[in-house]
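Under this note's numbering, think of the first position of the sequence shown as -13, with each following residue one higher.
First comes the structure, then the notes that go with it.
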Amino acid sequence: MRRNAVLVAVALAAGSTLGCVDRRYVIETEPPGAVVQRNGQAIGATPADDHFVYYGTYNFTITKDGYETKVVPQRIPAPWYQYPPFDFITENLIPWRIQDVRRFHYDLEPVKSPQVEQILGPATNLRERGKGVQLPEPRNP
């Protein structure tokens, strides 16, 4: 009985070290130091890396002062060994860790300053329309 318990404990310990896929992505930007959010959750400044659980599409929002905010729906496709029946083998039976690291690079565009004419033209039109508005007469109670 004691021998069976030892064998079960050894089997469980050995089984816990078998197979695993470590899924990560690394986001780099030009210029570096942009803040990255994944699906609304902050990850950090670039170069930023994080784990992910499932393959699919993630929405990255990348912001940096002086640059346009970039919103990217990034698809991360599953590799061949993550489709059935191979996924069972890679997740449970292979005695080493598989590292799946995806790298993404995004170039940020500087903020474009609007031309003065682009702002003054509509503002002048609005001002002229406002001058033509008649105010209602006040009522006496």
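C-beta atoms are modelled at their ideal positions from N, C-alpha and C, and glycine is treated no differently.
### Query
Since residue 32 sits in a beta bridge, which residues does DSSP pair it with?
Taking the first residue of the sequence shown as 1, we reach residue 32 at position 46. Per DSSP, none; premise fails for residue 32.
#### Entry: Terminal residues of the alpha helix (DSSP H) in which residue 78 lies
Walking along the sequence shown from the start, residue 78 turns up at place 92. That residue, residue 78, is in no alpha helix (DSSP H); it is neither H nor E in DSSP.
### Message
Assuming residue 116 is part of the alpha helix (DSSP H), what are its boundary residues?
### Response
Here the question's residue 116 lines up with position 130 in the sequence shown. Looking at the DSSP string, the run of the alpha helix (DSSP H) that includes residue 116 is 102 to 117.
### Message
Helix, strand or coil, according to DSSP, for residue 67 in the structure here?
### Response
To locate residue 67, count along the sequence shown from 1; it is residue 81. In this structure, residue 67 counts as helix in the three-state DSSP scheme.
### Task
Can you give me the start and stop residues for the beta strand (DSSP E) that residue 42 sits inside?
The residue labelled residue 42 in the question sits at position 56 within the sequence shown. Per DSSP, residue 42 belongs to the beta strand (DSSP E) from 42 to 49.
### Task
Output the distance between the C-alpha atoms of residue 18 and residue 47, rounded to the nearest integer angstrom.
Residue mapping note: residue 18 aligns to position 32 of the sequence shown, counting from 1. Residue mapping note: residue 47 aligns to position 61 of the sequence shown, counting from 1. Their Cα atoms are separated by approximately 14 Å.
### Continuous beta strand (DSSP E) stretch holding residue 59: start and end
Locating residue 59 in the sequence shown gives position 73, counting from the first residue. Element bounds for residue 59: 56 to 62.
### Message
Rounding to the nearest angstrom, what Cα-Cα distance links residue 25 and residue 104 in this structure?
### Response
Looking up residue 25 in the sequence shown gives position 39. Looking up residue 104 in the sequence shown gives position 118. Answer to the nearest angstrom: the Cα atoms are 34 Å apart.
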